[in-house]
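K.L.:
Mapping to the numbering used here: the sequence shown position 50 is 50, numbers consecutive.
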Amino acid sequence: MRVSISLDEQTFAEAEALARKLGLSRSELWRAALREYLERHRGEDVTAALNRVYGENAGTDEDLRRETARRVFKANEW
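The structure is reproduced here in structure tokens:
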């Protein structure tokens, strides 16, 4: 698939230099860069969800230990 993008001159020049240095075509460099970018951001949805769950309302480590102990005691008959 062909895609057209617009770049500023500085970015284009740096990309061209890197492609030459790595022995890649321009297309190979852009594909590799986009794959790396997508991979880096793949887990952001999971991270955002975890931050919502454990974020501001998570409390201290001591609060978490107490809650865990409370749940363990509640789940087990003594």
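Beta carbons: idealized from backbone N, C-alpha and C, even for Gly.
1. With distances taken between CB atoms, is the gap from residue 19 to residue 26 smaller than 8 angstroms?
2. Give me the Cα-Cα distance between residue 39 and residue 32, rounded to the nearest whole angstrom.
3. Between residue 29 and residue 15, which are expected to be in contact by the criterion C-beta below 8 angstroms, what is the C-beta distance as a whole number of angstroms?
4. What ranges does the alpha helix (DSSP H) occupy inside the region 13-75, keeping only unbroken runs of at least 4 residues that lie completely in it?
P.N.:
Judging by the given coordinates:
1. yes
2. 11 angstroms
3. 6 angstroms
4. 26-41, 44-54, 61-75
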